[in-house]
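Q: Chains A and B, in that order, give the protein sequences.
Using my numbering, the first residue of the first sequence is number 1, and each one after it goes up by one.
Using my numbering, the first residue of the second sequence is number 1, and each one after it goes up by one.
We put the beta carbon where it would ideally sit given N, CA and C, even for glycine.
Take this structure first; my questions come after.
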Amino acid sequence: MQKKLILDSDLLDITLSRLCQQLIENHNDFSETVILGMQPRGIFLAELIQEKLKKTLKKEISMGYLDTTFYRDDFRRRDVPAKASETKVPFVIEGKKVVLIDDVLFTGRTVRAAMDAMIAFGRPSKVELLVLVDRKHTRDLPIAADYVGKYVDTLTSQRVLVELEAQGHKQNKIWLIKKEE
Amino acid sequence: MSKLSQRHLLGIKNITREDIELIFETAGNFKEVINRPIKKVPSLRDITIANVFFENSTRTRLSFELAQKRLSADVINFSASSSSVKKGETLLDTVNNILAMKVDMIVIRHASVGAPHFLSKHINANIVNAGDGTHEHPTQALLDAFSIQEKLGTVEGKKIAIIGDILHSRVALSNIFALKKLGASVMVCGPPTLLPKFIGQLGIEVEFDIRKALAWCDVANVLRIQLERQQIKYFPSLREYSLYYGINKKLLDSLKKEIIIMHPGPINRGVELSSDAADSSHSIILDQVENGVAIRMAVLYLLAGAAA
Numbered sequence: 001m002q003k004k005l006i007l008d009s010d011l012l013d014i015t016l017s018r019l020c021q022q023l024i025e026n027h028n029d030f031s032e033t034v035i036l037g038m039q040p041r042g043i044f045l046a047e048l049i050q051e052k053l054k055k056t057l058k059k060e061i062s063m064g065y066l067d068t069t070f071y072r073d074d075f076r077r078r079d080v081p082a083k084a085s086e087t088k089v090p091f092v093i094e095g096k097k098v099v100l101i102d103d104v105l106f107t108g109r110t111v112r113a114a115m116d117a118m119i120a121f122g123r124p125s126k127v128e129l130l131v132l133v134d135r136k137h138t139r140d141l142p143i144a145a146d147y148v149g150k151y152v153d154t155l156t157s158q159r160v161l162v163e164l165e166a167q168g169h170k171q172n173k174i175w176l177i178k179k180e181e
Numbered sequence: 001m002s003k004l005s006q007r008h009l010l011g012i013k014n015i016t017r018e019d020i021e022l023i024f025e026t027a028g029n030f031k032e033v034i035n036r037p038i039k040k041v042p043s044l045r046d047i048t049i050a051n052v053f054f055e056n057s058t059r060t061r062l063s064f065e066l067a068q069k070r071l072s073a074d075v076i077n078f079s080a081s082s083s084s085v086k087k088g089e090t091l092l093d094t095v096n097n098i099l100a101m102k103v104d105m106i107v108i109r110h111a112s113v114g115a116p117h118f119l120s121k122h123i124n125a126n127i128v129n130a131g132d133g134t135h136e137h138p139t140q141a142l143l144d145a146f147s148i149q150e151k152l153g154t155v156e157g158k159k160i161a162i163i164g165d166i167l168h169s170r171v172a173l174s175n176i177f178a179l180k181k182l183g184a185s186v187m188v189c190g191p192p193t194l195l196p197k198f199i200g201q202l203g204i205e206v207e208f209d210i211r212k213a214l215a216w217c218d219v220a221n222v223l224r225i226q227l228e229r230q231q232i233k234y235f236p237s238l239r240e241y242s243l244y245y246g247i248n249k250k251l252l253d254s255l256k257k258e259i260i261i262m263h264p265g266p267i268n269r270g271v272e273l274s275s276d277a278a279d280s281s282h283s284i285i286l287d288q289v290e291n292g293v294a295i296r297m298a299v300l301y302l303l304a305g306a307a308a
């Protein structure tokens, strides 16, 4: 198995800072904006971003978790049903701007499911997507991210592995993995 | 693992502790779903489910139907009283006719013990047992144990007394299996005529005195006296049963601790449970009903997912 480092801890911090600046540019003081981390892995990133925004803006940022399992389009099309995680949307999203956050954007199917899941809680005035890694040219659906940490050229045989301290890893590291034939 | 070990839910006896825990975890997620502004998810949109009820039911059928609709499944309902069963059609023919209309899952209630097991050997669809005679009622046991877990944090190590008509109760047997698998201590309590002779061999306590049973337990699951199944007299009168085995507020207040009162419904108020006990803060009877929908959603979701 070959492993190639795409982002290390320092670079990740710079990238997250830039993403937060971009968010503040578009959302001002976040009074009309909420962030939603996508389960299972997007929530760690969402927490990092919430933390950074909190420091910069010196105020609480509303954050929730969104689980897409019951909205997936591959139910009964995979061997084992996907395991559900917790959904927690402790605020009203009706009329709000929502920033969806996930670690890796690949086929776009999870994002489609997330939009379905989100709409069960109300009608947001605007929805944006933030991803840490955007895998280019791998989309199955017409979906694009508004904020991207890093664009990566990948093959479908490759995988992007996000290791974050919050998930129990020693250091924040993002890898590109190629499975050997 | 996020897959059940079985492709049918025939009884609690056939499934593992891991299966029960997976169902509980999934039910927890569905409980959040049914408390949303929009209480529906599209998971089972390409699935058709037939609710085949050869015995009367209000709560279970409504609960299953609601669970199916919350999952976006297509639902057809069949009840024996208004069907060709009256004209002499066999169970297998009836079900095969339903399946010929391209149905993916069968939820069946039948007065005969083993009817769902019999079907599972002859047909291809997923089968959920919604009660077979006096044998098992797995979804009820799951929602009971789930309600206990929700209220007490865990089932493991808790003491649960099942009180009343154990002899005719499918809820009792399924509850015993589920609670034992989850590591609880179980006691049955009732008049000797309403306790099966060898029930103690399931590894549970048997008690005839309700005061002792209530003093022992953390949770009392009170069962209905099933007069419709009793061909002979098992006790002199309902009044006498109520006097010796009925639970009321006074009895609960005389205990030195708080216990939880459960009942699978329908309650015979004033017989096994008085109104002041059923409506007291001890009672989690309506939580059981709410959890019933979440548990049934989890069971249907996991079984449908395993079919692929």
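1) Let me check understanding here. Comparing Cα to Cα, which of B/Phe118, B/Ala100, B/Leu251 and B/Ser2 lies closest to A/Asp79?
2) Less than 8 Å between the beta carbons of B/Ala125 and B/Ile106, yes or no?
3) Whole angstroms are fine: how far does the CA of B/Gln231 sit from the CA of B/Asn268?
4) Quick check on DSSP: helix, strand or coil for A/Ser9?
5) For B/Asn56, which of B/Ala184, B/Gly183 and B/Asp132 has the nearest alpha-carbon?
6) What does a CB cutoff of less than 6 Å around A/Ala113 pick up in its chain, not counting 5 residues either side in sequence?
7) Jot down the residue ranges of each uninterrupted alpha helix (DSSP H) in the region 43-102 of chain B, minimum 4 residues, whole runs only, in chain order.
8) Residues of chain B with CB closer than 7 Å to the CB of A/Lys83, please, in chain order.
9) What is the DSSP secondary structure of A/His27, counted as helix, strand or coil?
10) What residues of chain B sit near A/Ala120, judged by a beta carbon separation below 9 Å?
11) Identify whether B/Ala130 lies in helix, strand or coil by the three-state DSSP scheme.
12) Counting only C-beta atoms, is B/Asn291 closer than 8 Å to chain A at any point?
13) Counting only runs that start and end within the region 190-253 of chain B, where is the beta strand (DSSP E) found for 3 or more residues in a row?
14) With a 10 Å radius around its C-beta and 16 neighbouring C-beta atoms as the bar for buried, classify A/Asp102 as buried or exposed.
15) Could you say which of B/Val75, B/Leu214, B/Phe54 and B/Ala145 lies nearest to B/Ala294 if we only look at CA atoms?
16) Nearest-angstrom Cα distance between B/Ser185 and B/Asn29?
17) In chain B, which residues lie less than 7 Å from A/Thr68 when you measure between Cβ atoms?
18) Would you kindly work out how many angstroms separate the C-alpha atoms of A/Val152 and A/Val133, rounded to a whole number?
19) What is the DSSP secondary structure of B/Gln140, counted as helix, strand or coil?
20) Below 8 Å between beta carbons: does that hold for B/Ile163 and B/Leu223?
21) If contacts are defined as beta-carbon pairs under 8 Å, then A/Leu66 and A/Thr87 qualify, I think. What distance do you get, rounded to the angstrom?
22) Take A/Val127 and list the residues in its own chain whose beta-carbon comes closer than 6 Å to its own, dropping the five residues that flank it on each side.
23) Using 8 Å as the limit for Cβ to Cβ distance, is B/Ala304 near chain A?
24) What is the C-beta distance between B/Ala220 and B/Ile247, in whole angstroms, given that I count them as a contact (C-beta under 8 Å)?
25) Would a check of beta-carbon distances place A/Arg76 closer than 8 Å to chain B?
26) Taking a Cβ distance cut-off of 7 Å, strictly less, list which residues of the region 18-32 of chain B are near chain A, in chain order.
27) Shortest alpha-carbon distance to B/Phe211 belongs to which of B/Leu255, B/Ser275 and B/Ser169?
28) So, helix, strand or coil for A/Gln2, using DSSP?
29) Classify A/Lys54 as helix, strand or coil using the three-state DSSP reduction.
30) I need the boundaries of the beta strand (DSSP E) containing B/Arg109, first residue and last residue.
31) Comparing alpha-carbon positions, which option in B/Met101, B/Leu71 and B/Ile261 lies nearest B/Ile160?
32) In chain B, which residues lie with their C-beta within 8 Å of the C-beta of A/Tyr71?
33) To the nearest angstrom, report how far apart A/Asn172 and A/Gly149 are at their CA atoms.
34) What residues in its chain sit with their C-beta under 7 Å from that of A/Leu16, if we drop five residues either side in the sequence?
35) What separation, rounded to the nearest whole angstrom, lies between the Cα atoms of B/Glu136 and A/Arg109?
36) Hey, is A/Val34's beta-carbon within less than 8 Å of any beta-carbon in chain B?
A: On the basis of the data shown:
1) Out of B/Phe118, B/Ala100, B/Leu251 and B/Ser2, B/Ser2 has the C-alpha closest to the C-alpha of A/Asp79.
2) For B/Ala125 and B/Ile106, yes; Cβs fall inside 8 Å.
3) So the two alpha carbons sit approximately 19 Å from each other.
4) Reduced to three states, the DSSP call for A/Ser9 is helix.
5) Between B/Asn56 and the set B/Ala184, B/Gly183 and B/Asp132, the nearest pair of CA atoms involves B/Asp132.
6) Answer for A/Ala113: Thr68, Tyr71 and Arg72, listed in chain order.
7) Listed in chain order, they are 59-70 and 91-100.
8) Ordered by position in chain B, the residues that pass the 7 Å Cβ test against A/Lys83 are Ser2.
9) Correct three-state label for A/His27: helix.
10) Contact annotation for A/Ala120 against chain B: Val33, Arg36, Pro37, Ile38, Lys39, Lys40 and Val41 [CB-CB distance below 9 Å, chain order].
11) Here B/Ala130 sits in strand by DSSP.
12) Taking a beta-carbon distance threshold of 8 Å, B/Asn291 does not count as an interface residue toward chain A.
13) As far as the region 190-253 of chain B is concerned, its whole beta strand (DSSP E) runs of at least 3 residues are 205-207 and 219-222.
14) Around the beta carbon of A/Asp102, a 10 Å sphere encloses 16 or more other beta carbons of the protein chains shown; the residue is thus reported as buried.
15) Looking from the CA of B/Ala294, the closest CA among B/Val75, B/Leu214, B/Phe54 and B/Ala145 belongs to B/Ala145.
16) The alpha-carbon atoms of B/Ser185 and B/Asn29 are separated by roughly 27 Å.
17) Per Cβ cutoff of 7 Å: no residues; A/Thr68 is ~10 Å from chain B at best.
18) Rounded to whole angstroms, the separation of the alpha carbons of A/Val133 and A/Val152 is 7 Å.
19) B/Gln140 falls in the helix class under three-state DSSP.
20) A contact, by the Cβ cut-off of 8 Å.
21) Confirmed, about 6 Å.
22) For A/Val127, where only same-chain residues beyond five positions count, the Cβ hits under 6 Å are Val98.
23) True, the Cβ-Cβ gap to chain A drops below 8 Å.
24) Between B/Ile247 and B/Ala220 the Cβ distance is about 7 Å, and since that is below 8 Å, they are a contact.
25) By this cut-off, A/Arg76 is an interface position.
26) So the list reads Thr26, Asn29 and Glu32, given in the order they occur along the chain.
27) For clarity, residue 211 of chain B is Arg in the given sequence; the question names Phe instead. Comparing Cα-Cα distances from B/Arg211 to each of B/Leu255, B/Ser275 and B/Ser169, the minimum goes to B/Leu255.
28) Residue state, collapsed to three classes: strand.
29) A/Lys54: helix per DSSP, three-state reduction.
30) From DSSP, the beta strand (DSSP E) with B/Arg109 extends over Met105 to His110.
31) The shortest CA-to-CA distance from B/Ile160 to any of B/Met101, B/Leu71 and B/Ile261 is the one to B/Ile261.
32) Neighbourhood of A/Tyr71 in chain B, by CB distance below 8 Å: Val41, Pro42 and Ser43, in chain order.
33) So the alpha carbons of these two residues sit roughly 14 Å apart.
34) Within the same chain, A/Leu16 has close Cβ partners Leu48, Ile49 and Lys52.
35) When rounded, the distance between both Cα atoms is 41 Å.
36) No, A/Val34 does not count as interfacial toward chain B.
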